[in-house]
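Quick note, the sequence shown lines up with residues -12 to 343 if you use the numbering used here. Glycine included, each C-beta is placed from N, C-alpha and C at the ideal position. Everything on this sheet refers to the single structure shown next.
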Amino acid sequence: MLDIKITKTTHPKQKPADETKLGFGKKFSDHMFVMNYTEGKGWFDPRIVPYGSFEMDPATVVFHYAQELFEGMKAYRTADGHVQLFRPDCNAHRFMDGCDRMGIPPIPAEDFEQAVKALVKVDEDWVPHSDGASLYIRPFVFATDVGLGVHSSKNYTFCIIAAPSGAYYAEGLNPVKIYVEDDYIRAAPGLTGAVKCGGNYAASIKAGELAAKKGYAQVLWLDGVEKKYVEEVGSMNIMFKIDGKIYTAACVGTVLPGVTRRSIIELCKDWGYEVIEGKLAIADIMQAGRDGKLEEVFGTGTAAVVSPVKELTWKGESVEISGGKIGPLTQKLYDTLTGIQWGKLPDTKNWIVKVD
Ligand SMILES: *Cc1c(COP(=O)(O)O)cnc(C)c1O
């Protein structure tokens, strides 16, 4: 158990009046959680303080060598006004795994969860009330040694900030076009694809920009060795419904193990679908598309929950999916998961953790 010291702000910010204009990750709540680490001493001084800047030496190692890690999760307000989290233990354990890969001293999962809950509790009034809106929570840790030598840092800061964010789909689920990236790669065996580190994103920004210029919403990444097998999209995992079965890449080191992915696999299995986690060649997906067997394609992630795909383009050829419409399974998954998250459906899977 952390002994969290709470210092409340004396200058509370004005809360956004119009929740339809929140956007994503632009406004932040009144407080943040901070905790420090020094070798020999361990994690110390867990505290909730007014949201504010860090002062950092320009030679702080994270600026140069990117030893850092983050998480993304949400707090949801139910119709009767309670605030709840969705599977925070999954984020906490994934963060521990990520720390291990990045050479960062782990934060025990129960401390991580306690810190998230404590911040949400203090900033409870920042959890939006409108349908589909939520408080996005961003825990992150970074190396704070000062000096330009490349080494595992002896000092770290762990921080959690929270951003009231608008409904991802203000006008209903919106199917998108996806560009299958055949040039750049996101991950390769032995690298950091399975953990949520900023470096993965830094390496993917250029491909995303090029695809956006061509009119695509996201990039679909292929495996980094043969560029033959599908892995994931942008900041989401991806699933394909082909001839009644559901396929998704296995989480074997190059794919981020999404909490949404995992939850959707469980739901699909409960509903009697066969779910295959393994290698799925892009050539076979395109062929299924041509044969009319590619029934549904959707991305999965905390921000969007599911993101229906209406078209895939690979090496200049495009296939259309479900006639450009949202497939019935995609819609059912969206309704079920958001129903559980916002407390409209019973939490039959024990996924909900109440904050108040
Ligand atoms: C966060 C993330 C996901 C989705 O994970 P969720 O836990 O479902 O939000 C998928 N891919 C990448 C690269 C990510 O960073």
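DSSP puts residue i in a beta bridge; with which residues?
i: GLY344; result: Because the chain is modelled from -12 through 343, residue 344 falls outside the range shown and cannot be assessed.
i: TYR166; result: VAL206, THR300
i: THR287; result: ASN224, VAL293
i: ALA149; result: ILE124
Tell me whether residue i, by its Cβ, gets closer than 7 Å to a heavy atom of ligand 1.
i: LYS14; result: no
i: MET344; result: With the chain running from -12 to 343 in the structure shown, residue 344 is simply not present.
i: GLU219; result: yes
i: LEU243; result: yes
i: VAL246; result: yes
i: LYS183; result: yes
i: MET223; result: yes
i: THR25; result: no
i: GLY59; result: yes
i: THR179; result: no
i: GLY348; result: Given that the chain is displayed from residue -12 to residue 343, the structure contains no residue 348 and the question cannot be resolved.
So, with DSSP's three-state summary, where would you put residue i?
i: LYS(-8); result: strand
i: ALA97; result: Rather than Ala, the amino acid found at residue 97 in this sequence is Glu. DSSP places GLU97 in helix when its eight states are reduced to three.
i: SER294; result: strand
i: ARG34; result: strand
i: SER140; result: coil
i: ILE252; result: helix
i: PHE15; result: coil
i: LEU197; result: helix
i: TYR216; result: strand
i: GLN1; result: coil
Quick check: the Cα distance between residue i and residue j, rounded to an integer number of angstroms?
i: MET223; j: ALA105; result: 28 Å
i: SER16; j: PRO95; result: 25 Å
i: LEU254; j: PRO333; result: 14 Å
i: ALA149; j: VAL107; result: 8 Å
i: SER250; j: THR325; result: 12 Å
i: ARG34; j: GLU261; result: 46 Å
i: VAL70; j: LYS214; result: 43 Å
Would you mind sorting residue i into buried or exposed? The rule is 16 or more other CB atoms within 10 Å of its CB.
i: ASN78; result: buried
i: GLY136; result: exposed
i: SER309; result: buried
i: MET60; result: buried
i: MET89; result: buried
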